[in-house]
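Asker: Below: one structure in structure tokens.
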């Protein structure tokens, strides 16, 4: 601005800015405002000295407080952990079946189980526990190794076909085709019988032979009625749910050279209370069974 | 660099008749009107780059507007300090505080009204009304909010009462300021600040009582058991009240508050503003009687500065309409008192619209056809009749200036929103249901081929009594219902108990046999009936099945 313009009516210098004929007066700044500005600068200096502030090549200045967001998080996590300790100890001391009877403990177990599931289980079983081909859906009522609380607890704790845990769930279905125990035609006949058992469309001509072959080769594990035997983890093949698919080709492949799912043993990787929480969560997804009276 | 918009027209007072030497050393005019040595803080000669605040010593005013302001102060402060202590019986289990913002339980209580979080639109509606109300008030009464009801104005008024009690009125305070420190000055100042701090403390203290049960919190607060946030809130509000009311005062309005600038943009030529009627006041002179006797044509203003002395903003209203003016009307009271003593009509300073003012200016101006912008020459004889009274052509402000299409439209909108809120409050439900279908998995096929869908059903029991609800479905043949995670039986209906004034979320499994599923997607309704009452909600939902089902 080369020339100072003085507003006629107020006698104050203008800034030279003009909007639609309205000009801006260059009034003096209140001095307290200026002090506030200086105080802010002083505050920022104090902040820089006290907190980590100036980024360096590798890290940053640490400030005399030594406090970092990561450190604060650790402290807060520790506080949460210790606040949970009482309930966790109660979980440890309570029998699995009795946990849900205590409403507060039951809610804690469900919430903790849901969170553990997202971290440790959802990679295979899916975040909604709906599984996928080869990974069981945990929402339904079809259980390979048992669906009551104790059975689910054991499966989580020791895993399935785990080569480290000695108490792991273990079983093996023979490779009927690959090891030439049955010829392909016989396998096809068994497939038709399995389709009949599970209520799907089947070839009536092959079923009779398939039924006989099933009784000889399969019923020892899957049961005479095909409803499976949980001691062996042998699935119920007479229901609507098939882990590796219920199409002819899928069934054929599974008999020719069966796939076998494995599951980690969580014993030692999760606390016992954590495994209990997971068992209660999975049991509560909708397919949980009541424990059988002994 | 701080800047301020040039608002309105600042008009240079006409001092043709005033000799410079006459201004000083005169305490009273010959008309027994007290004269004050007061000067506007924002006058031309007081401008520098960084400006220290000039202390303002407002003189106590008396008159109609001062009386009105006392009443408004008593009522608004009374409401603020006492409301949390009002009780309202809502039955057992519910708070008995009439007005309570219960953040922990997410409820807002206002006498017989209880607002849940999902009804927050009531608050939004009130805020919209506040906005329209601002338009309405500003377009009719100008900056009435600033002058009468703004907490800053009210608390500064209260702080001035305290200041006046301990230190005396304007002149005594100016003398005390200049006096050397001694026991007397120290005592006056000490007790003033103690009372100021107590008022600040009470102000902060009253605030927290809106958020918790007042008697309980009161006891907790003084026994050191209240939450740290309560003490912090009181500390902050005590400090702001003390600093804003005792020290910052007009600085808050002029430099910190955006309201004056927003309101200035909403004024028009029909808005009421506090106006110095220079068309009858000028030329002003301290020796009006003597001058008049000498045959000089003199205006009504005797330049006694009473209007400047009472102004809490420290301005001179005779400089014209200015951003600093909060339209508290105390200068009107001061000037009316002087005019009465002089036997002249009141209203030399008065509420007037710009339109009326301009008309009167035309009437009094002796420069044809219109007055000059910078230096109008007024001829008082043009507006006074032979009897010495103002002629009837002079326009005065009346209620008619309030009734205009613009204000009526604001009033209409304001009223409609208010009625709509009241109506929705009157007919609002005491039962609300939200149905959220499970998204992952969308459905589960069971071993016998049946399909199960999961829903989270939230039932809001918005009454003060425990209620039981019966959950059934329509439009979904063969469906059975089951509560998740419970050992409850599966059936066609479910009974759900919801405690008084609570929201209960339930996971519900709906199962349909394979042969009853007709489509991949079936629309159906959840019916929630209150057992023993005529309160029912129907919520739409969808039942999902695998693609090859129902074909």
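Chains as they are written, first to last, in the numbering used here: chain A, 1217 to 1510; chain B, 16 to 566.
Cβ atoms here follow ideal geometry from the backbone N, Cα and C, with glycine treated the same way.
As the structure is a computational prediction, the values presented were derived from the model and not from experiment.
1) Listing by chain order, which chain A residues have their CB less than 7 Å from the CB of residue 456/B?
2) Compute the beta-carbon to beta-carbon distance between residue 497/B and residue 505/B, rounded to the nearest angstrom, for a pair I have assumed lies under 8 Å.
3) Pick from 449/B, 434/B and 448/B: whose alpha carbon is nearest that of residue 442/B?
4) Does the beta carbon of residue 1245/A come closer than 8 Å to any beta carbon on chain B?
5) Measure the C-alpha to C-alpha separation of residue 305/B and residue 395/B and round it to an integer number of angstroms.
6) How close, in whole Å, do the beta carbons of residue 156/B and residue 287/B come, if the pair is a contact with beta carbons under 8 Å?
7) Straight-line CA distance for residue 140/B to residue 439/B?
8) What are the residues in the segment 1241-1268 of chain A lying within 8 Å of chain B by C-beta distance?
9) Which bits of chain B does residue 1456/A rub up against, with CB to CB less than 8 Å?
10) CB residue 477/B to CB residue 512/B, shorter than 8 Å?
11) Checking the sheet assignment: what are the DSSP bridge partners for residue 290/B?
12) Would residue 1279/A and residue 1269/A qualify as a contact pair, given that the criterion is a beta-carbon distance under 8 Å?
13) Output, in chain order, the set of chain A residues within a Cβ distance shorter than 9 Å of residue 524/B.
14) Within a Cβ cutoff of 7 Å, which residues of the same chain sit near residue 1488/A, ignoring the five residues on either side of it in sequence?
15) Once you ignore the five residues that flank residue 1431/A on each side, which residues in its own chain have a CB closer than 8 Å to its CB?
16) What's the call for residue 1315/A, buried or exposed, on a 16-neighbour Cβ count within 10 Å?
17) Helix, strand or coil for residue 200/B per DSSP?
18) Answer with buried or exposed for residue 1288/A, where buried requires no fewer than 16 other C-beta atoms within 10 angstroms of its C-beta.
19) Which stretch, first to last residue, makes up the alpha helix (DSSP H) that contains residue 176/B?
20) Cβ of residue 353/B within 8 Å of Cβ of residue 48/B?
21) Between residue 522/B and residue 499/B, how many whole angstroms is the CB-CB distance? I'm expecting something under 8 Å.
22) If you pair each beta-carbon of the segment 205-217 of chain B with each one of the segment 120-130 of chain B, do three or more pairs fall below 8 Å?
23) Determine the extent of the alpha helix (DSSP H) in which residue 449/B is found, giving its start and end residues.
24) Relative to the C-alpha of residue 426/B, which candidate in 95/B, 144/B and 127/B has its C-alpha closest?
25) Could you say which of 150/B, 205/B and 93/B lies nearest to residue 169/B if we only look at CA atoms?
26) Please classify residue 244/B: does DSSP put it in a helix, a strand, or coil?
27) Does residue 271/B pass the burial test, meaning 16 or more other C-beta atoms within 10 Å, or should it be called exposed?
28) Using C-beta distances below 6 Å, list every residue in its chain close to residue 1231/A, excluding the 5 sequence neighbours before and after it, in chain order.
29) Hey, residue 405/B and residue 399/B are a contact pair by Cβ (cut 8 Å); roughly how many whole angstroms apart?
30) List the whole-angstrom C-beta distance separating residue 348/B from residue 79/B, where the pair is believed to meet the contact cut-off of C-beta under 8 Å.
31) Give the residues of chain B in contact with residue 1415/A, contact being defined as C-beta atoms less than 8 Å apart.
32) So which residues of chain A does residue 67/B contact, with C-beta pairs closer than 9 Å?
33) Can you confirm whether the segment 1371-1384 of chain A touches the segment 1399-1419 of chain A when touching is taken to mean that 3 or more C-beta pairs between the two stretches lie within less than 8 Å?
34) Count the C-beta pairs between the segment 361-380 of chain B and the segment 277-291 of chain B that are closer than 8 Å, then say yes if the count reaches three, no if not.
35) Can you find a C-beta in chain A that's less than 8 Å from the C-beta of residue 469/B?
36) Using a C-beta to C-beta distance shorter than 7 Å, which residues of chain A count as neighbours of residue 499/B?
Answerer: Let's see:
1) 1344, 1346 and 1355
2) 4 Å
3) 434/B
4) yes
5) 16 Å
6) 5 Å
7) 11 Å
8) 1241, 1242, 1243, 1244, 1245, 1246, 1247, 1248, 1249 and 1250
9) 460, 461, 462, 463, 464 and 529
10) no
11) 365/B
12) yes
13) 1502
14) 1308
15) 1440
16) buried
17) helix
18) exposed
19) 166-182
20) yes
21) 4 Å
22) no
23) Careful: residue 449/B lies outside any alpha helix (DSSP H), inside the beta strand (DSSP E) at 446-452.
24) 144/B
25) 93/B
26) helix
27) exposed
28) 1240 and 1242
29) 6 Å
30) 7 Å
31) 464
32) 1246, 1247 and 1248
33) no
34) yes
35) yes
36) 1500 and 1502
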